[in-house]
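J.: My questions all concern the structure below.
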Amino acid sequence: MTGTEGLIRAYFDAFNAGDRPGMLALLAEDVAHDVNQGGREVGKDAFRAFLARMDDAYREHLTEIVVMVDGTGSRAAAEFVVEGEYLRTDAGLPAARGQRYRLPAGTFFAVAAGRITRVTTHYNLQDWIRQVGG
1 MTGTEGLIRA
11 YFDAFNAGDR
21 PGMLALLAED
31 VAHDVNQGGR
41 EVGKDAFRAF
51 LARMDDAYRE
61 HLTEIVVMVD
71 GTGSRAAAEF
81 VVEGEYLRTD
91 AGLPAARGQR
101 YRLPAGTFFA
111 VAAGRITRVT
121 THYNLQDWIR
131 QVGG
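Each residue of the sequence shown is one higher than the last, beginning at 1 in full-length UniProt numbering.
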């Protein structure tokens, strides 16, 4: 396993453990976060706030994680399945009633100096809306 692969696996392990400080420790201070079908947020504070919003509305666990790393170790991608529960209505989305969902997703990463410098996640929002009954 390369250093980059270990870094990305540690990120997902921390996510699944609910270890938000552990996730944040793996990020560069100026991490760029491209939110699915949203804008770009920059910095650990913005990422911390994003995680808090997500944790308030969703309970998620990632399975079937496959990590791929380029030859330089500066780019990585992961494909996985999100198994989740919609806990609290998120702004602009259907009403939450504890609906469960299973959603394929992927994340692209940039890495420098042993830290994650970019996180770009993609999933099919329309599929998620269909699954939660929107």
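Don't be surprised by glycine CBs; every beta carbon is placed ideally from N, CA and C.
With a CB to CB cut of under 7 Å and the five nearest residues on each side skipped, what residues in its chain are close to V132?
T.: Y86, P94, Q99, Y101
J.: Just to confirm my understanding: we take F125, look at its own chain, exclude 5 residues before and 5 after, and list those with CB closer than 6 Å. What are they?
T.: Per the sequence shown, residue 125 should be read as Leu rather than Phe. Only Q37 meet the Cβ criterion.
J.: State the CB to CB distance for the pair A76 and V82, rounded to an integer number of angstroms; the pair is presumed to be in contact (CB under 8 Å).
T.: Not quite, the Cβ-Cβ distance comes to about 18 Å (not below 8 Å), so this is no contact.
J.: Enumerate, from N- to C-terminal direction, the unbroken beta strand (DSSP E) stretches of 3 or more residues contained entirely within the UniProt domain "SnoaL-like" (8-119).
T.: 27-34, 40-42, 58-69, 75-86, 100-112
J.: For I116, collect the residues of the same chain with a Cβ closer than 8 Å to its Cβ; drop the 5 residues on either side in sequence, then sort them by chain order.
T.: L7, I8, Y11, L26, L27, A28, V31, F109, A110
J.: Determine the closest residue to G106 out of D34, P21, G39, A52, with distance taken between C-alpha atoms.
T.: Among D34, P21, G39, A52, the Cα nearest to that of G106 belongs to D34.
J.: Among T2, A113, G84, M23, which one has its Cα closest to the Cα of D56?
T.: It is G84 whose Cα lies nearest to the Cα of D56.
J.: Would you mind giving the Cβ-Cβ distance between F50 and E41, rounded to the nearest angstrom? I have them listed as a contact below 8 Å.
T.: 6 Å
J.: Rounding to the nearest angstrom, what Cα-Cα distance links V119 and A91 in this structure?
T.: 22 Å
J.: By the 10 Å Cβ neighbour count, where 16 or more other Cβ atoms means buried, how is A78 classified, buried or exposed?
T.: Around the beta carbon of A78, 16 or more other beta carbons lie within 10 angstroms, which makes this residue buried.
J.: Taking C-beta to C-beta, are residue 138 and F47 nearer than 8 Å?
T.: The chain is shown only over 1 to 134; residue 138 falls outside these bounds and no answer can be derived.
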